[in-house]
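So the sequence shown is residues -16 to -1, 1 to 172, counted in mature numbering (1 follows the signal peptide of the UniProt record, and there is no 0). Every residue, glycine too, gets a C-beta built ideally from N, C-alpha and C.
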Amino acid sequence: MLPIALVAALIACTHGQTAIEKDPTKVCFPDTLQFVTFNLNTDEAGVEAVDFRKNMLGKITPTKTYVQDFNARKTYIVSTDGSCQTFDIPDDGIYPQCLPANAVWVGEANWGFGPNLLPEDGWEVPYNGGKIRILVTKQPGQPRYIMLSKFIECNGNYTVTMYLNPSVTITQANIFDIPKTCTPSTIV
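Here you go:
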């Protein structure tokens, strides 16, 4: 029931509201971030981190490790058996530290209730051939974090991910490790 309520909150946040003037380029994330992620479509949990100083994103799940090197514009996917595939990152697949100018504000939402209420803004951003809707915290004096995302592929398929326990400290030392050998591949 909880996942349905979260998806409903995301949909309510992003539909039927008129956009007011908001500058997405002023919505920026800390230099380093780490989250526990939970994919609501597959029930797969993982740890995800991004280091904007290194221009890298890493994600470790029980079945795969993903590393994205934005400088080299490459994604590496390493399976639990150690096999690795690499492919190019498209221009709109780069995870920026600040939202791009073409991001569209779609509404406000609140996470929690009462004294623990966390206000958020909903944004829609072109991403990796589709679009992604994200809820971003906007607590005064606090770093910005993504709390929920809905990636909608160009074919209409979507993935909803929760981002939990945000931190500006990256504790997974190997999260950005790239294997020495990796088979080039293409995404179809």
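>> DSSP has asparagine 94 in a bridge; who is on the other side?
In response: For the purposes of this step, residue 94 is taken as residue 110 along the sequence shown, with counting starting at 1. Looking at the DSSP output, asparagine 94 sits in a beta bridge with Pro103.
> Anyone know if the C-beta pair for leucine 101 and asparagine 94 falls short of 7 Å?
Replying inline: Looking up residue 101 in the sequence shown gives position 117. Looking up residue 94 in the sequence shown gives position 110. In this structure, leucine 101 places its C-beta atom within 7 Å of the C-beta atom of asparagine 94.
>> Using 8 Å as the cut-off, can you tell me whether the stretch 99 to 119 makes contact with the stretch 27 to 43, which would need three or more C-beta pairs spanning the two stretches below that distance?
In response: Touching, no, given that fewer than three Cβ pairs across the two stretches are closer than 8 Å.
>> Quick check on this structure: which residue in Pro103, Gly98, Asn86, Pro99 has the alpha carbon closest to the alpha carbon of isoleucine 92?
In response: The sequence position of residue 92 within the sequence shown is 108, counting from 1. Per the sequence shown, residue 92 should be read as glutamate rather than isoleucine. Looking from the CA of glutamate 92, the closest CA among Pro103, Gly98, Asn86, Pro99 belongs to Pro103.
>> Suppose the cutoff is 7 Å on Cβ atoms and the five residues either side in sequence are ignored; what does the same chain contact list for valine 152 look like?
In response: As a position in the sequence shown, residue 152 is number 168, starting the count at 1. Hits under 7 Å: Pro14, Thr16, Leu17, Pro127.
> Are the stretch 142 to 151 and the stretch 161 to 171 touching, with three or more C-beta to C-beta distances below 8 Å?
Replying inline: Too few Cβ pairs lie closer than 8 Å, so no.
>> Considering Cα atoms alone, identify which of Gly114, Met131, Ile116, Asn25 is closest to lysine 122.
In response: Indexing the sequence shown from 1 puts residue 122 at position 138. Considering only alpha carbons, the answer is Met131.
> How far does the beta strand (DSSP E) with leucine 23 in it reach, from first residue to last?
Replying inline: In the sequence shown, counting from the first residue as 1, residue 23 sits at position 39. For the record, residue 23 in the displayed sequence is asparagine; it is not leucine. Counting along the chain, the unbroken beta strand (DSSP E) around asparagine 23 starts and ends at 16 to 23.
>> Can you find the residues in the same chain that come closer than 8 Å, C-beta to C-beta, to cysteine 68, ignoring five residues on each side of it along the sequence?
In response: Along the sequence shown, one-based indexing puts residue 68 at 84. Taken in chain order, the residues that qualify are Tyr60, Ile61, Val62, Pro163, Thr165, Cys166, Thr167.
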